[in-house]
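Since the structure comes first, as structure tokens, the remarks are kept for the end.
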Amino acid sequence: MTFVTRLTLQSGDRAALDGIVEDIKATAERKGAALKGPHSHPPEKLSVPQRCRLHADDDRHFDSWEYTVFTRELEIHGHDDLARNIASQNFPDSVHIEAEVEQIHGAGRSN
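Written out as structure tokens, the structure reads:
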């Protein structure tokens, strides 16, 4: 039985995101872990409207706040301790990380 840990990292700071991804890759290579990725998603451009006041009757607003979110996905096959250590690291506030763990059963095995 093998575990696959899928890490999804997102940030508006592309340089910080790519630096963390490179650190994860280097750590996985050093530990001999099977790593797939990073897979890059197209940048997502977001726009947030900004009101001048909180009062509901006031229609005045500032220009919308626009920003870009960059996403990278990595998969670590096996090496559960390594995946756990990476997912529990303290990342900069500008980088958001999600970890999804999937259990893979070997062929021919029944439960």
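For the sequence shown, position 56 (counting from the first letter as 1) is numbered 56 according to full-length UniProt numbering, and the numbering increases by one without interruption.
All C-beta atoms in this analysis are idealised placements derived from N, C-alpha and C, irrespective of residue type, glycine included.
Note that this is a predicted model, so its numbers are computed, not measured.
For the set T2, L7 and R51, the Cα lying nearest the Cα of S40 is the one of L7. Within its own chain, no residue has a Cβ closer than 7 Å to the Cβ of G32 once the five positions on either side in sequence are excluded. Bounds of any alpha helix (DSSP H) do not take in L74; it lies within the beta strand (DSSP E) bounded by H61 to H77.
Here the stretch 7-24 makes contact with the stretch 86-99; the two share three or more CB pairs at distances below 8 Å. For D58, the CB contacts under 8 Å within the same chain, skipping 5 residues up- and downstream, are R51 and C52 in chain order.
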